[in-house]
Amino acid sequence: MQHTMLKLANRDGILWITIDRPDKLNALNATVMSELGSVLAEAAGDDEVHAVVITGSGDKAFVAGADIAELNTLGPDAAKELSLRGQSVFNRLERMDKPTVAAVNGFALGGGCELAMSCHMRIATTNAVFGQPEVKLGLIPGYAGTQRLPRLVGKGRALEILLSGRNVTAEEAERIGLVNRVVEPVELTQAVNGLLTGILRNGPHAVGRCLEAVTYGLDMSFDDGCLLEATLFGLCAADPEMREGTSAFLEKRKPNFRR
Ligand code: COA
Numbered sequence: 099m100q101h102t103m104l105k106l107a108n109r110d111g112i113l114w115i116t117i118d119r120p121d122k123l124n125a126l127n128a129t130v131m132s133e134l135g136s137v138l139a140e141a142a143g144d145d146e147v148h149a150v151v152i153t154g155s156g157d158k159a160f161v162a163g164a165d166i167a168e169l170n171t172l173g174p175d176a177a178k179e180l181s182l183r184g185q186s187v188f189n190r191l192e193r194m195d196k197p198t199v200a201a202v203n204g205f206a207l208g209g210g211c212e213l214a215m216s217c218h219m220r221i222a223t224t225n226a227v228f229g230q231p232e233v234k235l236g237l238i239p240g241y242a243g244t245q246r247l248p249r250l251v252g253k254g255r256a257l258e259i260l261l262s263g264r265n266v267t268a269e270e271a272e273r274i275g276l277v278n279r280v281v282e283p284v285e286l287t288q289a290v291n292g293l294l295t296g297i298l299r300n301g302p303h304a305v306g307r308c309l310e311a312v313t314y315g316l317d318m319s320f321d322d323g324c325l326l327e328a329t330l331f332g333l334c335a336a337d338p339e340m341r342e343g344t345s346a347f348l349e350k351r352k353p354n355f356r357r
C-alpha cells in the first residue's frame, strides 16, 4: 500500500513510523488513521519487524491531536464511528506482541497523547508537551484517553489533566509516570534505539508473552491475570527459547535466541 502521510524505515528490525504532516503539526486526519491501521497490521505479521517506534515529522510536534477541521463537520453517528475506528487502531498498537515506543518529539496533544499512551513505552524530548485539551473544544478524548490516562497516572491526576485541558511539561510527564524517560532532542533516536536494542537481545517469545500478560492482564481481575500469567509461563516451558536461556546461564555463556 502507498503511504502519503507516513514515512517508514526499517532499521535493524526496528520499524520507525513517522507521521508526516508537519504543516498541520502531524494532526491525525482520516488518511493518517487509515494508513496507520494498515501499517500496524502489516508490521504485526512481518517477520522482519521486531519492534515499532512512532514519532512525528519535524522538530515541533509529535502529533497535535485529531484533525480539528475534520471534527468540526461531524454529526453524532459519524463522531461515534470515528471514535470507534480510532480506538481500534490504537488498540491494535497496544496489543502488538512486539515492543512499541513513542518517540515524543514535541506537542503530543489530544489524539497525540492518546497515540503515545497506546505505545508500550514513551521517551520524550525536553520540549515535549502533553495534554488532553478536548474539553476546550467542547469534546472529550475519543481514542481511549479517558481510559488509558488514569491507568498510567492514576485517577486523580488523570481527571485533573482531562478536566482542565492544561498542558503537561515533559518534566511533569516523567514525574507522574506518563513517560518513561526525558532526553535532549538530539539524543532521542539514540535513546529509543538503546532501549529497544536491549529488549531485542532477550528471548523474543518471552518478550511477546510478557507484553501479552501485562496488556491483557491489566484489564482482568487479579486472579484472572495471575491465571493468564501462569498459562503463558507454562507456554514458555514448552519453548526451546527457555531451554536455551536457562542452559546458557548454567553453562556461563550468552544465550543464542532465535526468532
Ligand atoms: N487539527 C488540525 N490542524 C491543526 C491541529 C489539529 N489538531 N493542530 C495544529 N493544526 C494546524 C493549525 O491549524 C495550523 O494550520 P494553518 O497553518 O493552516 O493555519 C498549523 O497546524 C500550525 O499550527 P499553529 O496553531 O499555527 O501552531 P502554534 O505553534 O501557534 O500552536 C499548538 C501549536 C499545538 C499549541 C496549536 O496548534 C494547537 O493548539 N493545536 C490544537 C491542539 C488540540 O486542541 N488538539 C486536540 C484536538 S482534539
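If you use my numbering, the sequence shown corresponds to residues 99 to 357, in order.
Note that CB positions come from ideal geometry on N, CA and C, so glycine has one too.
Coil, strand or helix - residue i by DSSP
i	result
valine 233	helix
alanine 206	strand
phenylalanine 228	strand
alanine 336	coil
valine 312	helix
asparagine 108	strand
leucine 172	coil
leucine 113	strand
valine 147	coil
threonine 198	strand
Contact under 8 Å by Cβ, residue i with residue j
i	j	result
leucine 106	valine 150	no
valine 161	glycine 210	yes
isoleucine 152	alanine 222	no
alanine 271	glycine 204	no
isoleucine 115	glycine 154	no
alanine 311	leucine 298	no
alanine 164	alanine 125	yes
arginine 364	methionine 131	Limits of the chain in this structure are 99 at one end and 357 at the other, which puts residue 364 out of reach.
arginine 249	isoleucine 274	no
asparagine 265	valine 305	no
aspartate 195	leucine 309	yes
Among the options, the one whose alpha carbon lies nearest that of residue i
i	options	result
valine 284	Met219, Asp121, Thr224 and Arg255	Thr224
leucine 172	Leu348, Asn127, Leu260 and Leu286	Asn127
phenylalanine 347	Gly332, Asn300 and Ser155	Asn300
methionine 219	Gly135, Leu276 and Pro338	Leu276
aspartate 317	Met131, Glu192 and Ile274	Glu192
leucine 330	Thr344, Ser319, Gly315 and Gly343	Gly315
asparagine 355	Ile112, Leu309 and Pro302	Checking the sequence, you will find phenylalanine at residue 355 rather than asparagine. Checked all of Ile112, Leu309 and Pro302; the closest Cα to phenylalanine 355 is Pro302.
aspartate 157	Glu146, Asp145, Asp121 and Ser186	Asp121
leucine 123	Cys308, Asp337, Ala268 and Ile166	Ile166
arginine 109	Leu294, Ala336, Ala328 and Gly236	Leu294
leucine 237	Arg307, Thr129, Leu169 and Pro338	Leu169
glycine 323	Arg307, Lys253, Ala335 and Asp337	Arg307
threonine 313	Glu349, Phe188 and Ala335	Phe188
threonine 267	Gly252, Val202, Glu349 and Leu286	Val202
Same chain, Cβ closer than 6 Å to residue i, five either side skipped, listed in chain order
i	result
valine 233	Gly263
serine 181	Gly240
leucine 113	Ala141, Val147 and Val150
arginine 279	Ile221
Beta-carbon contacts of residue i that lie in its chain and below 8 Å, excluding the five residues immediately before and after
i	result
arginine 190	Gly135, Leu138, Ala139 and Ala142
aspartate 145	Arg357
glutamate 339	Gly301, Pro302, His303, Ala304, Phe355 and Arg356
leucine 235	Ile166 and Leu169
Beta-carbon proximity list for residue i, same chain, < 7 Å, skipping 5 on both sides
i	result
glutamine 230	Gly208, Cys211, Pro239, Gly243, Leu247, Ile259, Leu260 and Gly263
lysine 352	Ala346
(message) Please enumerate, following chain order, all residues with a beta carbon closer than 7 Å to at least one heavy atom belonging to the ligand COA.
(response) Residues flagged by the Cβ proximity filter: Asp121, Lys122, Leu123, Ala125, Lys158, Ala159, Ala162, Gly163, Ala164, Asp165, Ile166, Ala167, Leu169, Phe205, Leu207, Gly208, Gly209, Pro231, Glu232, Lys234, Leu235 and Leu237.
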